[in-house]
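Numbering (the numbering used here), first residue to last: 186 to 622.
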């Protein structure tokens, strides 16, 4: 314990330039990785159904496309388990280099992948395989990136600084959405479907080079270094995390579910709903997601900093109540068909979701001790992602098609937010407190 206390003091004394370097490296690396991730999500909503799962029934093609997207989330806990094991035993830094490299290579490979018309069944099989590797990479990315900042940050600034990892999500989404929007404006539908959709994937070449360089310059977590020097590292981190903090894992999963379910509804399923159900041009909803992501660039760090001032629980409560209210207005706004009101519907939802996402990284990390923090954080967040978002676009498509009403899916989202509300009630306040040893 004395070693951990000592390194915590050292972390507080760390020069501002060193801390800024850690935050910048984590933010850039995570932004680049989420860019790759959202490029796949947007392509799933817009083109993969036609190119890799063609058929007479457009609904079936869309469902198959979203199933592949969901598989990438289903395997994320496995990636989290693997990364958590190595991250708790050997260090956070090397895990982050591997995850970013794997994501970049897969994204480039998808950009040159032949379609079903060219390779038959081999094309969707390879797409699924690449998506699974992407899911494993992202599963290990988030926990490591969060810990590199949380374990460097002063106690009273962890919410603000850790939110910069969350900031990477709207940055990645903004870049991916903006690129697809630009291509949609410049290219005809035929050109976009033929080759234009490949450009965002192929741009990962530059992303891979920049990201790998940034990650190679990251300084290892001081808390892990202190643990390493003490010789007190966990030999079976996941087993120890489950035995020592099962309640923290369950509560952390609950904190994630509502945020994940609503975010992917606002930022991803809206693409399918507006284009397929309403018959509107994809640029309308791409602009809406772009606006929402731009607002999150400000609001996610704001919410993280707010949680340092008023507490994680109060900030989260604002997010749960505001998002629940907006969920009820979301589809009525989309159904107006007005580009302005569609933008309000999508962007408004992402505004309230920011108050869930901003404090999330710090709060979850603060629930676990240093020996098992990587494993605990990774499995909790990734299981929350599976339960909250893996099937959300698929469930939305099915429920709305089978019932003929969007209200059935609204109830689903409200249930997800209710789970998060219960988790908030039963999770202790951790803002401003020292990390566990």
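Cβ atoms here follow ideal geometry from the backbone N, Cα and C, with glycine treated the same way.
| message | Given this structure, state the Cα-to-Cα distance separating residue 231 from residue 411, to the nearest angstrom. | response | 48 Å
Please state the DSSP three-state secondary structure of residue 388.
coil
| said: Can you look up residue 298 in the DSSP assignment and give me helix, strand or coil? | reply: coil
Inset, instruction - Report buried or exposed for residue 394, applying the criterion of at least 16 other Cβ atoms within 10 angstroms of its Cβ. - result: exposed
Measuring alpha carbon to alpha carbon, tell me which residue in 205, 257, 514 is nearest residue 317.
257
Whole angstroms are fine: how far does the CA of residue 381 sit from the CA of residue 564?
36 Å
Unbroken stretches of the alpha helix (DSSP H), 4 residues or longer, contained in the stretch 222–260
234–237, 243–259
| query | When the Cα atoms are used, what is the spatial distance from residue 473 to residue 528? | reply | So the alpha carbons of these two residues sit roughly 4 Å apart.
Near residue 235, what residues of its chain come up, given a Cβ to Cβ distance below 8 Å and the 5 sequence neighbours on each side ignored? 246, 378
Near residue 204, which residues of its chain fall below 8 Å by C-beta distance, leaving aside the five closest residues on each side in sequence? 337, 338, 346
Got a sec? Which residues, its chain only, sit under 6 Å from residue 591 by beta carbon, not counting five neighbours each side?
516, 585
Work out the CA separation of residue 588 and residue 265 for me, nearest whole Å. 36 Å
Point to revise | Sub-9 Å separation of residue 306 and residue 406 beta-carbons | key: no
Item to check | Per-residue DSSP class, three states only, for residue 372 | outcome: coil
- Query: residue 400: buried (16+ other C-beta within 10 angstroms of its C-beta) or exposed?
  - Reply: buried
Next on the checklist: Which residue wins for smallest C-alpha separation from residue 550, given the options 615, 461, 462, 364?
Outcome noted: 615
Alpha carbons only, please: which of 556, 469, 609, 210 is nearest the one belonging to residue 503?
609
* Check whether the stretch 322–329 touches the stretch 262–282, counting contact only when three or more Cβ pairs, one atom from each stretch, lie closer than 8 Å. => yes
Rounded C-beta distance between residue 552 and residue 433? I'm assuming under 8 Å. Cβ-Cβ separation between residue 552 and residue 433: approximately 4 Å, consistent with a contact (criterion under 8 Å).
Q | Residue burial classification, residue 419 (beta-carbon count within 10 angstroms, cutoff 16) | A | buried
Through-space distance from residue 252 to residue 576, alpha-carbon basis: 7 Å
Query raised in the report: Alpha carbon to alpha carbon, what distance is there between residue 467 and residue 459?
Result: Each residue's alpha carbon lies about 7 Å from the other.
Q) CB-CB under 6 Å to residue 343, same chain, minus the five flanking residues each way: which ones, in chain order? A) Closer than 6 Å at the Cβ level, and outside the excluded window around residue 343, lie 335, 547.
| Simplified DSSP state of residue 493, which is helix, strand or coil | helix
Discussion item. With distance defined between alpha-carbon atoms, name the residue in 384, 301, 375 nearest to residue 367.
Written reply: 384
Query raised in the report: Taking Cβ positions, are residue 219 and residue 390 nearer each other than 9 Å?
Result: no
Quick one: Cα of residue 415 to Cα of residue 449, how far?
-> Taking the straight line from one Cα to the other gives about 42 Å.
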